[in-house]
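Student:
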Amino acid sequence: MEHTMQPLPPEKHEEAEIAAGFLSAMANPKRLLILDSLVKEEMAVGTLANKVGLSQSALSQHLSKLRAQNLVSTRRDAQTIYYSSSSDAVLKILGALSEIYGEQTNAVEEKPLIRKSA
């Protein structure tokens with residue numbers, strides 16, 4: 024009895040592309056710090072840059088990648104742009120990282136974001 028393998032439907036390929044883009048956007052230590060901060064509170068660019076230790080120019084590049092995947096949203100108040108993240112997917116991934124690494128911060132638990140290796 025021979026089993027023939029059926030190719031995956033196009034929807035599966037599309038889902039994989041979307042997931043890969045999402046994971047690629049998150050697969051950077053600074054972007055994880057940015058998202059971790061923005062799931063907790065809305066922040067102006069200058070405040071966020073200081074918090075995560077980036078220049079505003081570098082932060083802008085990271086935020087652009089996160090915006091492209093709809094992981095952050097913006098709000099303008101006069102000349103100030105505020106960023107936040109209320110993405111369920113981001114919350115779930117940060118929560119999973121918290122469970123895996125033990126000291127990973129998520130929006131529910133206040134722990135250090137990156138576990139230091141011994």
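Residue numbers for the sequence shown follow our numbering, beginning at 24 and rising by one. Using N, Cα and C, we set each Cβ at its ideal position, and we do this for glycine too. What you are looking at is a predicted structure, and each value in this text was computed from that prediction instead of being measured.
1. For Y106 and L94, I'd like the C-alpha separation in whole angstroms.
2. Buried or exposed: which applies to A72, given that a residue is buried once 16 or more other Cβ atoms fall within 10 Å of its Cβ?
3. Which residue wins for smallest C-alpha separation from K53, given the options S108, H85, D111, R90?
4. DSSP three-state label for T103, please.
5. If we call anything under 8 Å between Cβ atoms a contact, is V68 one with L56?
6. What's the gap between the Cα of E40 and the Cα of G76?
Tutor: Quick look at the numbers:
1. The alpha-carbon of Y106 is positioned some 10 Å away from that of L94.
2. Buried: at least 16 other Cβ atoms inside 10 Å.
3. The residue from S108, H85, D111, R90 with its alpha-carbon nearest to that of K53 is H85.
4. It is a strand residue.
5. Not a contact, by the Cβ cut-off of 8 Å.
6. C-alpha separation (whole angstroms): 31 Å.
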